[in-house]
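Position one of the sequence shown corresponds to residue 1 (the UniProt record's numbering), numbered consecutively onward. The beta-carbon is built from N, C-alpha and C at its ideal position, and this holds for glycine as well. If you're wondering where the values come from, they're calculated on a predicted model, not measured in any experiment. Notes follow once the structure below has been shown.
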Amino acid sequence: MSLQKINKQFKEQIETINTDQNNNNIYSYAHHHAHNNDFIKYINSHLTLLAIIMGNIGNVINGLKPAIGMIIVQVAYAGLSILYKLVVEDGMNMSVLIAYRTLFATSFVVPLAFFMERKSKPKITPDVLFQSFLCGLFGVTLQQNLYVRAVAFASATYASTMTNLIPGVTFILALCFGLERLKIRTLTGKAKVIGTLMGIGGVMIITFYKTKEIHIWPTHHVNMIKHNQSHISPTNQVLGSAFGFGNCLCYSMWLILQAKMSEKFPWQYSSAALVSAMACIQVIIFALCMERNWNQWKLGWNIKLLSVAYTGIVASGIALVLISWCVRLRGPLYASTFNPLSLVIVTIAASLILDERLYVGSIIGSILVVLGLYTVLWGKGREYENMAKEKLTKVVSTNGQTLKIIITTNNHSDNNINNNGIDMKLSREGQQQNGVKDCSSNKGNEGKVTPLNNEDSKPST
Numbered sequence: 001m002s003l004q005k006i007n008k009q010f011k012e013q014i015e016t017i018n019t020d021q022n023n024n025n026i027y028s029y030a031h032h033h034a035h036n037n038d039f040i041k042y043i044n045s046h047l048t049l050l051a052i053i054m055g056n057i058g059n060v061i062n063g064l065k066p067a068i069g070m071i072i073v074q075v076a077y078a079g080l081s082i083l084y085k086l087v088v089e090d091g092m093n094m095s096v097l098i099a100y101r102t103l104f105a106t107s108f109v110v111p112l113a114f115f116m117e118r119k120s121k122p123k124i125t126p127d128v129l130f131q132s133f134l135c136g137l138f139g140v141t142l143q144q145n146l147y148v149r150a151v152a153f154a155s156a157t158y159a160s161t162m163t164n165l166i167p168g169v170t171f172i173l174a175l176c177f178g179l180e181r182l183k184i185r186t187l188t189g190k191a192k193v194i195g196t197l198m199g200i201g202g203v204m205i206i207t208f209y210k211t212k213e214i215h216i217w218p219t220h221h222v223n224m225i226k227h228n229q230s231h232i233s234p235t236n237q238v239l240g241s242a243f244g245f246g247n248c249l250c251y252s253m254w255l256i257l258q259a260k261m262s263e264k265f266p267w268q269y270s271s272a273a274l275v276s277a278m279a280c281i282q283v284i285i286f287a288l289c290m291e292r293n294w295n296q297w298k299l300g301w302n303i304k305l306l307s308v309a310y311t312g313i314v315a316s317g318i319a320l321v322l323i324s325w326c327v328r329l330r331g332p333l334y335a336s337t338f339n340p341l342s343l344v345i346v347t348i349a350a351s352l353i354l355d356e357r358l359y360v361g362s363i364i365g366s367i368l369v370v371l372g373l374y375t376v377l378w379g380k381g382r383e384y385e386n387m388a389k390e391k392l393t394k395v396v397s398t399n400g401q402t403l404k405i406i407i408t409t410n411n412h413s414d415n416n417i418n419n420n421g422i423d424m425k426l427s428r429e430g431q432q433q434n435g436v437k438d439c440s441s442n443k444g445n446e447g448k449v450t451p452l453n454n455e456d457s458k459p460s461t
């Protein structure tokens with residue numbers, strides 16, 4: 001075999017080997033590329049699933065924000081009741097305590113109102129000033145002085161229980177002033193009456209029915225009271241009941257007056273600042289008349305300073321902001337349903353810290369009060385729903401066609417028709433199809449629907 005043939009065969013073998021290697025490389029590249037595509041699809045699908053899960057978690061957290069806010073409020077109110085009892089037992093005058101609390105609250109709320117509503121420039125009229133004076137009188141001056149005396153004469157647990165009567169008492173006062181109709185034949189009317197009677201009966205059981213004592217904690221537990229206050233005399237119990245019921249009356253009067261004031265003065269922060277300022281003047285004058293010993297007005301680095309700062313800034317300032325925020329998002333009934341939580345916290349804390357005794361009658365009465373509260377709130381909630389349904393049944397018809405009505409949850413918009421967290425508004429699509437326009441955003445025309453002119457029939461940008 002010649003040298004040329006040998007070289008030719010060798011070249012052919014080399015080319016064959018190179019071709020095989022190229023084919024293998026192409027196959028490996030294609031297989032690797034396909035594998036990468038599958039991996040990318042796998043990652044994308046899991047990232048999409050993760051994004052959906054995180055979005056759902058975010059929605060759940062956003063939905064829980066009002067509940068968390070109201071829990072913080074009830075914890076703050078429970079701490080207020082405990083501190084009231086501690087500072088009164090420490091010897092601080094009750095009127096001076098309320099005066100300092102209102103002073104701290106005013107110092108917190110007034111700058112807050114200026115910061116939040118400085119662009120609104122709310123107009124303060126003589127009627128608004130008079131209404132704020134009455135709101136300060138009933139909602140702060142009388143209410144707070146009566147509440148702290150209920151805590152001092154009875155107990156923190158008892159005073160906290162009495163506050164759950166406020167919806168029932170408000171219902172009675174609204175009936176007396178003609179602001180509410182009884183409607184005893186309806187289910188909602190029966191619920192409100194039964195709930196009110198249950199609450200009053202529960203308070204009477206707590207006051208007069210003493211049975212077997214319940215020991216929640218062992219014998220050796222924390223007791224911050226210098227001497228045993230677990231034995232409350234019948235006279236003090238009756239006085240505490242009177243003060244507690246007076247507190248509910250004043251608070252209910254404040255709710256009615258505040259509702260009237262909000263119609264003419266809808267700025268909530270400025271309204272709170274006006275009421276706090278009026279109340280501050282009232283409670284200071286009242287405290288000066290009741291206590292002229294200047295030693296009682298001195299504050300040191302002790303529980304007195306802690307109490308007035310906490311009750312003024314936290315219980316009156318921060319709690320007010322949280323309640324206003326929750327009411328705006330979910331409505332007043334939602335905020336009211338958390339009131340019994342403070343009763344549970346106060347009961348546990350008072351038995352541990354204040355050495356307050358707990359009886360079977362107190363448990364039964366408290367359960368009746370809470371059940372009465374939720375019965376009244378259920379009746380009010382159903383009443384609001386019925387009112388919303390009545391508005392929905394008044395559907396406007398034009399040329400034989402029915403308008404489309406959308407029910408949405410309560411948003412931040414102030415132009416929607418709001419009733420207990422329910423907004424009703426005419427859809428833009430229904431308006432254009434049926435030749436009408438929404439006038440709810442125009443002042444003085446809330447809820448009215450007027451025909452569209454030819455110029456208005458053009459699509460809006």
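Shown here for Asp-90: same chain residues with a beta carbon closer than 6 Å to its own, the five before and five after excluded, namely Ile-303 in chain order. Per the coordinates, the alpha-carbon of Phe-208 lies some 10 Å from the alpha-carbon of Ser-241.
Judged by DSSP in its simplified three-state form, Leu-358 adopts strand. Of Pro-266, Ile-57, Ile-353 and Ile-72, the smallest CA-CA separation from Phe-338 is found for Ile-72. Only residues of its own chain outside the window of five on either side were considered, and among them Met-94, Leu-97, Val-148, Val-151 and Ala-152 have a CB closer than 8 Å to the CB of Val-88, listed in chain order.
Remark: C-beta atoms of Gln-296 and Gly-139 do not approach each other more closely than 8 Å.
Per the DSSP secondary-structure output, Glu-213 pairs in a beta bridge with Tyr-359.
Nearest to Ser-252 by C-alpha distance, out of Ile-284, Ile-367, Ala-154 and Ile-172, is Ile-172. Taking the Cα positions, Trp-254 is about 12 Å away from Gln-144. In the three-state reduction of the DSSP assignment, Gly-178 falls in the coil class.
Cβ-Cβ distances below 8 Å link Leu-322 to Gly-69, Met-70, Ile-72 and Val-73 in the same chain, with the five nearest sequence neighbours on each side left out; the list follows chain order. Secondary structure of Met-162 (DSSP, three-state): helix.
Annotation for Tyr-269: the continuous alpha helix (DSSP H) segment containing it runs 268-290. Boundaries of the alpha helix (DSSP H) harbouring Phe-208: 187-208, taken from the DSSP string. With contacts defined by Cβ atoms closer than 8 Å, Pro-66 and Leu-320 do not form a contacting pair.
A direct Cα-Cα distance of roughly 28 Å separates Thr-375 from Ile-82. By the criterion of a C-beta distance shorter than 6 Å, Gly-365 is surrounded in its chain by Gly-202, Ile-205 and Ile-206, once the five residues flanking it on both sides are discounted. Counting C-beta pairs with one atom in each stretch, the region 378-390 and the region 184-198 have three or more that are closer than 8 Å, which means they touch. Put simply, the region 121-128 touches the region 258-271. At least three CB pairs are less than 8 Å apart.
Ranked by Cα distance from Val-110, the options Tyr-359, Leu-239 and Gly-317 are led by Gly-317. When secondary structure is reduced to three states using DSSP, Met-92 falls in the coil class, being assigned neither helix nor strand. A direct Cα-Cα distance of roughly 20 Å separates Ala-156 from Leu-371. Pro-122 sits in coil when the DSSP states are folded into three classes, being neither helix nor strand. Assignment of Ser-155 by DSSP, reduced to helix, strand and coil, places it in the coil class.
In the DSSP annotation of this structure, the continuous segment of the alpha helix (DSSP H) that includes Asn-339 starts and ends at 339-349. CA-CA distance, Leu-288 to Val-169, rounds to 31 Å. A Cβ-Cβ distance of about 7 Å is found for the pair Glu-213 and Leu-358, placing them in contact under the 8 Å criterion.
Under the three-state reduction of DSSP output, Leu-49 falls in the helix class.
Scanning its chain for C-beta atoms nearer than 6 Å, with the 5 sequence neighbours on each side dropped, one finds around Thr-106 the residues Ser-276, Ala-277 and Cys-280, in chain order.
Straight-line spacing of the CA atoms in Ile-284 and Ala-76 works out to 24 Å. For Leu-322, the enclosing alpha helix (DSSP H) has its first and last residue at 319-330. Linking Gln-237 to Gly-244 through their CA atoms gives a straight-line distance of about 10 Å. Of the candidates Arg-181, Leu-49 and Val-346, Val-346 places its Cα closest to the Cα of Thr-161.
In the displayed model, Lys-260 falls within a helix according to three-state DSSP. In the structure shown, Asn-293 adopts coil according to DSSP, grouped into three states.
Annotation: the continuous alpha helix (DSSP H) that includes Val-308 extends over 303-309.
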